[in-house]
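Here the structure comes first, spelled out in structure tokens, and everything after it is commentary.
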Amino acid sequence: MSVFTKVSHDELVEFLKQYPIGGLIGFQGIGEGVENTNYFVDTHDGRWVLTLFERLNYADLPFFLGLMDHIASRGLPGAMPARTRGGDNLTTLNGKPAALVRRLVGQSVLFPTLEQCVQVGRALGDLHVATASYAGHCENGRGAAWRASTGQGLLAHVDADTRALIDDELAAQTQLDLAALPQGVIHADLFRDNVLFVDDRLTGLIDFYYACNDALAYDLAITLNDWCVEPDGVPNAERWNAMLAAYSSRRSLNAAERAAWPLVLRAAALRFWLSRLWDWTFPREGDVVHIKDPDAYRRILVHHRDNPPRGLLI
Ligand SMILES: Nc1ncnc2c1ncn2[C@@H]1O[C@H](COP(=O)(O)OP(=O)(O)OP(=O)(O)O)[C@@H](O)[C@H]1O
Ligand SMILES: N[C@@H](CCO)C(=O)O
Numbered sequence: 001m002s003v004f005t006k007v008s009h010d011e012l013v014e015f016l017k018q019y020p021i022g023g024l025i026g027f028q029g030i031g032e033g034v035e036n037t038n039y040f041v042d043t044h045d046g047r048w049v050l051t052l053f054e055r056l057n058y059a060d061l062p063f064f065l066g067l068m069d070h071i072a073s074r075g076l077p078g079a080m081p082a083r084t085r086g087g088d089n090l091t092t093l094n095g096k097p098a099a100l101v102r103r104l105v106g107q108s109v110l111f112p113t114l115e116q117c118v119q120v121g122r123a124l125g126d127l128h129v130a131t132a133s134y135a136g137h138c139e140n141g142r143g144a145a146w147r148a149s150t151g152q153g154l155l156a157h158v159d160a161d162t163r164a165l166i167d168d169e170l171a172a173q174t175q176l177d178l179a180a181l182p183q184g185v186i187h188a189d190l191f192r193d194n195v196l197f198v199d200d201r202l203t204g205l206i207d208f209y210y211a212c213n214d215a216l217a218y219d220l221a222i223t224l225n226d227w228c229v230e231p232d233g234v235p236n237a238e239r240w241n242a243m244l245a246a247y248s249s250r251r252s253l254n255a256a257e258r259a260a261w262p263l264v265l266r267a268a269a270l271r272f273w274l275s276r277l278w279d280w281t282f283p284r285e286g287d288v289v290h291i292k293d294p295d296a297y298r299r300i301l302v303h304h305r306d307n308p309p310r311g312l313l314i
């Protein structure tokens, strides 16, 4: 259960008076999610998600909330943040920065259909087109420098095979300059648990709190690695190619992105292998139940190392 900061009925009633969204009908803590405290909140004017930010820097929050506003304003299925009567989308509650965003309908899926992969590919392409006009800027906190220092930090705590793999991959990654590829604001975590569907209709893109400025192709690689790979680390060619074609229908990759693609896929796999391995090796109190399997991403990385694709499709 990820409700780190409790909010009482009376506190919420008082908090909601800042917003022109009607009085409180009901609210409930949300169990999923490990970064923030989230509540579903119903008012007379609609359904909302209240987030109390537990770890993010206050200074970065306007970037994320502005981005969500930008995306929803352009008709993409993102959650529009509510504004107070004074026009603020970022407030505080119980000493934590807080925001209220529209609750989107739908459920995440664990086993996506081909059509769902197509819709995600299109939505990611649309997102990259839409964010081109977003003025905010945020460095990727999990970029190349983070990957190198996290990998180095793990070396003394892992077995010899793992050490060799991290060392070799970090050396290979020095050949990749993501900054030389087309840049933009990327979601950077568009995993299956961050997309909502009603049947085969994509109804929600959520959890923009890793969004940052980085290479667009890297975002595509992150998304493909989660949606279109089997548990043994091998891509499912049908889903993979369908998502890629759908993305390309919105934005085509240029020659530099195509040339860098094998290493981009590896960088995307390495990022999540390292973050999971770090959390596994150095668990924070209360984290244990939420740690995702690092080996799933090791298998994806090893597959991409052993089977570099000749083109974008496989
Ligand atoms: N706008 C929204 N509409 C509907 N449901 C939402 C919305 N935002 C969040 N949720 C629900 O809340 C859950 C947790 O949200 P989120 O993924 O943002 O949590 P988190 O703790 O910030 O992130 P993480 O997934 O990184 O742990 C989601 O799985 C989803 O069920
Ligand atoms: N999507 C990440 C969790 C952080 O959002 C993972 O699966 O490792």
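For what it's worth, full-length UniProt numbering labels the leading residue of the sequence shown as 1, then goes sequentially. Even glycine gets a Cβ: it sits at the ideal position worked out from N, Cα and C.
If we call anything under 8 Å between Cβ atoms a contact, is residue i one with residue j?
i: residue 94; j: residue 7; result: yes
i: residue 184; j: residue 196; result: no
i: residue 299; j: residue 232; result: yes
i: residue 84; j: residue 52; result: no
i: residue 297; j: residue 269; result: yes
i: residue 49; j: residue 27; result: no
i: residue 211; j: residue 90; result: no
i: residue 82; j: residue 19; result: yes
i: residue 207; j: residue 188; result: no
i: residue 43; j: residue 25; result: yes
i: residue 170; j: residue 145; result: no
i: residue 247; j: residue 265; result: no
i: residue 180; j: residue 256; result: yes
i: residue 192; j: residue 112; result: yes
i: residue 119; j: residue 202; result: yes
i: residue 278; j: residue 150; result: yes
i: residue 182; j: residue 254; result: yes
i: residue 209; j: residue 64; result: yes
i: residue 312; j: residue 244; result: yes
i: residue 168; j: residue 115; result: no
i: residue 274; j: residue 222; result: no
Report whether the distance from the Cβ of residue i to the nearest heavy atom of ligand 2 is below 7 Å.
i: residue 17; result: no
i: residue 327; result: Outside the shown range of the chain (1 to 314) lies residue 327, about which nothing can therefore be said.
i: residue 272; result: yes
i: residue 298; result: no
i: residue 108; result: no
i: residue 352; result: It is not possible to answer for residue 352, since the shown part of the chain is limited to 1 through 314.
i: residue 147; result: no
i: residue 276; result: yes
i: residue 292; result: yes
Starting from residue i, follow its DSSP beta bridges and name the residues at the other end.
i: residue 30; result: Bridge partners of residue 30: none, in fact.
i: residue 49; result: 40, 101
i: residue 214; result: 184
i: residue 96; result: 93
i: residue 24; result: 43
i: residue 81; result: 101
i: residue 107; result: 197
Would you say the beta carbon of residue i is closer than 7 Å to some non-hydrogen atom of ligand 1?
i: residue 204; result: yes
i: residue 263; result: no
i: residue 316; result: Outside the shown range of the chain, which is 1 to 314, sits residue 316, and nothing can be said about it.
i: residue 49; result: yes
i: residue 194; result: yes
i: residue 79; result: yes
i: residue 30; result: yes
i: residue 209; result: yes
i: residue 104; result: yes
i: residue 241; result: no
i: residue 89; result: no
Ligand 4 and residue i: does any heavy atom of the ligand fall closer than 7 Å to the residue's C-beta?
i: residue 35; result: Of the ligands one can find in the structure shown, namely ligand 1 and ligand 2, none is ligand 4.
**OP:** Give a yes or no on contact between the region 232-245 and the region 126-140, applying the rule of three or more CB pairs nearer than 8 Å.
**Re:** These segments do not touch.
Subject >> Minimum length 4: unbroken alpha helix (DSSP H) runs contained in the region 123-176 >> reply: Segments of the alpha helix (DSSP H) lying fully in the region 123-176: 144-154, 160-173.
Original post:
Is there contact here, the region 115-133 with the region 256-263, by at least three beta-carbon pairs under 8 Å?
Top reply: Three or more beta-carbon pairs separated by less than 8 Å are not found between the region 115-133 and the region 256-263, which leaves the two stretches without contact.
Original post:
Contact between the region 92-112 and the region 142-156: three or more CB pairs below 8 Å?
Top reply: The answer is no - the region 142-156 does not touch the region 92-112, with fewer than three Cβ pairs under 8 Å.
Original post:
Curious, which full-length beta strand (DSSP E) runs of at least 3 residues does the region 185-261 contain?
Top reply: Within the region 185-261, the complete beta strand (DSSP E) segments of 3 residues or longer fall at 195-198, 201-205, 212-215, listed in chain order.
Original post:
Does the region 120-130 come close enough to the region 50-68 that 3 or more CB-CB pairs lie under 8 Å?
Top reply: Segments in contact, no.
Subject >> alpha helix (DSSP H) runs contained entirely in the region 278-302, provided each spans 4 or more residues >> reply: DSSP runs (the alpha helix (DSSP H)) wholly in the region 278-302: none.
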